[in-house]
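Residue numbers (my numbering): 979 to 1145.
For every residue, glycine included, the Cβ atom is placed at its ideal position computed from N, Cα and C.
Predicted, not measured: the structure shown is a model, and the values here were computed from it.
A short write-up of the structure that comes next.
Given below as structure tokens:
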């Protein structure tokens, strides 16, 4: 039942070659990002930096996704706010689009990717979370991304704990 041994009628049991580690790995690779996504926190790029900070703290998130006309254009993290606030910028007049990290420098994940792929991207790029996006191509061939959700270090850690507790 664990997958380590298999049975054949009139032959008996035999070793499948799989270890418990292989079974856990297969389980994690089988979990899609769409199953573990959470609601994205999204603001328009014309919103002031002050309003972005307030949104970040009210929603208790580490990054906010920035959109224009409903499509992803950037991301702002706590570090981005700190870097720019130290310089003494006017929080109420500066749009958040000025300080955001812009496309194509944003790492994204699709709904059908595995949670393992998302975790690898988070570790490789040293970021707190990823926007889950759907790619849209307009008639001119330009690509845009619609934000459908987010996956974070916390959601992956929560999954790890659930797997460890066998929930």
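A direct Cα-Cα distance of roughly 30 Å separates residue 1101 from residue 1047. When C-beta atoms of the region 1117 to 1137 are compared with those of the region 1038 to 1055, three or more pairs fall below 8 Å, so the two segments count as touching. Cβ neighbours of residue 1087 within its own chain (closer than 8 Å, five residues either side excluded): 1011, 1095, 1096, 1099, 1108, 1109, 1110, 1111, 1129. Where residue 1056 is concerned, the enclosing alpha helix (DSSP H) starts and stops at 1056 to 1064. Taking the C-beta atoms as reference points, residue 1053 is found no nearer than 8 Å to residue 1034.
Note on residue 1119: under 16 other CB atoms within 10 angstroms of its CB, so exposed under the neighbour-count rule. In the three-state scheme derived from DSSP, where H, G and I count as helix and E and B as strand, residue 1050 is classed as strand.
Taking all protein chains shown into account, residue 1018 has 16 or more neighbouring C-beta atoms within 10 Å of its C-beta and is therefore buried. By the neighbour-count criterion, in which 16 or more other beta carbons inside 10 Å mark a residue as buried, residue 1050 falls on the buried side.
Note that the C-beta distance between residue 1009 and residue 1093 is below 8 Å. Setting aside the 5 residues that flank it on each side, residue 1106 is surrounded in the same chain by 1040, 1041, 1055, 1100, 1130, 1131, each with a C-beta closer than 8 Å to its C-beta; the list follows chain order. Only exposed fits residue 1005, as fewer than 16 other CB atoms lie within 10 angstroms of its CB.
By the CB criterion at 8 Å, residue 1133 and residue 1003 fall outside the cutoff. Annotation for residue 1113: the continuous beta strand (DSSP E) segment containing it runs 1107 to 1115. Looking at the backbone, the Cα of residue 1103 and that of residue 1085 are separated by about 8 Å.
Counting only the Cα atoms, residue 1029 lies some 12 Å from residue 1020.
Each residue's CA atom was taken as its position, placing residue 986 and residue 1144 some 28 Å apart.
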